[in-house]
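Asker: Would you mind keeping the following structure in view while I ask a few things?
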Amino acid sequence: QQKVQQSPESLIVPEGGMASLNCTSSDRNVDYFWWYRQHSGKSPKMLMSIFSNGEKEEGRFTVHLNKASLHTSLHIRDSQPSDSALYLCAASPPSGGNYKPTFGKGTSLVVHP
Amino acid sequence: DPKIIQKPKYLVAVTGSEKILICEQYLGHNAMYWYRQSAKKPLEFMFSYSYQKLMDNQTASSRFQPQSSKKNHLDLQITALKPDDSATYFCASSPGQGNTEVFFGKGTRLTVV
């Protein structure tokens, strides 16, 4: 059973549009959320992380976290064709113990010109 | 300048044969991991090592055996290869066993014929 659920599975947005991606953990023993981006044929690279309730913004990218519902979302404004990629969400428990970064199935984003 | 070196980049193997995937990291990290990704399955956690000690094994088959000769080295031996083993195998590392970013190598694309 996948402990990190992502939606939608795929998303198409026009260039300049807003892309919104969702991620929820079914494991209540998580405290940290990560968003990775994987371009086609490449390896995943960390995009943003969030540990506290609320919002975090870095350029065109904004992440939200609701710890009570274990839900995080990634929003990309003014989407560019170069943003087309697989977006992976990961959740991890508090420090200590066995660290096993577990990823969701991902959201495939296509930004068309 | 890649800091996590995986060899080879591409590998074609015959069903029933044995192969070793090489991974070395030069980030000074204490934790290393193996992940697998294919068109049929999402990014899947396989093993985690910390200070050369196996921390977690999520691979049901004993055909997959990680080997760590040095702290920065984690190879993956796969025996009795099957076509279903065809996937891209990513080696990854993180500073420690905690809530830190995971860095991925470029992967070894394995095709079993």
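Respectively, the protein sequence lines represent chains A and B. Residue numbers for the first sequence follow the numbering used here, beginning at 1 and rising by one. Residue numbers for the second sequence follow the numbering used here, beginning at 1001 and rising by one. Here a beta-carbon is modelled for each residue, glycine too, at the ideal position from N, C-alpha and C.
Buried or exposed for SER1048 (chain B), going by 16 or more other Cβ atoms inside 10 Å?
Answerer: Sequence index remark: in the second sequence, residue 1048 (chain B) carries index 48 (1-based). SER1048 (chain B) should be labelled buried.
Asker: Identify the residues that DSSP records as bridge partners of ARG1036 (chain B): which are they?
Answerer: As a first step, residue 1036 (chain B) is located in the second sequence; it is residue number 36 there, counting from the start. Answer is B:GLU1044, B:TYR1089.
Asker: Within 7 Å (strictly less), CB to CB, does SER1048 (chain B) reach chain A?
Answerer: The count along the second sequence starts at 1 and reaches residue 1048 (chain B) at position 48. So, interface residue.
Asker: Along chain A, in chain order, which residues have C-beta atoms closer than 8 Å to that of LYS1106 (chain B)?
Answerer: Within the second sequence, residue 1106 (chain B) is the residue found at index 106, counting from 1. Here the neighbours are LYS42, SER43.
Asker: Tell me, please, whether the region 13-32 of chain A touches the region 99-109 of chain A by the rule of three or more beta-carbon pairs shorter than 8 Å.
Answerer: Of all C-beta pairs linking the region 13-32 of chain A to the region 99-109 of chain A, three or more are shorter than 8 Å, placing the two stretches in contact.
Asker: Between the Cα of PHE1045 (chain B) and those of B:THR1088, B:LEU1110, B:THR1111, spot the shortest distance and give me the residue it belongs to.
Answerer: As a working note, residue 1045 (chain B) is residue 45 in the second sequence. Nearest option by C-alpha distance: B:THR1088.
Asker: By the 10 Å Cβ neighbour count, where 16 or more other Cβ atoms means buried, how is ILE1078 (chain B) classified, buried or exposed?
Answerer: What you label residue 1078 (chain B) is simply residue 78 of the second sequence in a count that begins at 1. So ILE1078 (chain B) counts as buried.
Asker: Taking just the CA atoms, how far does SER1017 (chain B) sit from ILE50 (chain A)?
Answerer: Along the first sequence, one-based indexing puts residue 50 (chain A) at 50. Along the second sequence, one-based indexing puts residue 1017 (chain B) at 17. Straight-line Cα distance between these residues: approximately 43 Å.
Asker: Whole angstroms are fine: how far does the CA of PRO1083 (chain B) sit from the CA of ASN29 (chain A)?
Answerer: The sequence position of residue 29 (chain A) within the first sequence is 29, counting from 1. The sequence position of residue 1083 (chain B) within the second sequence is 83, counting from 1. Using only the alpha carbons, I get a separation of about 36 Å.
Asker: Quick one: is GLN1025 (chain B) buried, meaning 16 or more other Cβ sit within 10 Å of its Cβ, or exposed?
Answerer: Indexing the second sequence from 1 puts residue 1025 (chain B) at position 25. Label assigned to GLN1025 (chain B): buried.
Asker: Please list the terminal residues of the continuous beta strand (DSSP E) segment that includes ASP1056 (chain B).
Answerer: For the purposes of this step, residue 1056 (chain B) is taken as the residue at position 56 of the second sequence. Its beta strand (DSSP E) spans residues 1053-1057.
Asker: Using beta carbons (cut-off 7 Å, strictly below), is THR107 (chain A) in contact with chain C?
Answerer: Included in the structure are the protein chains A and B, with no chain C among them.
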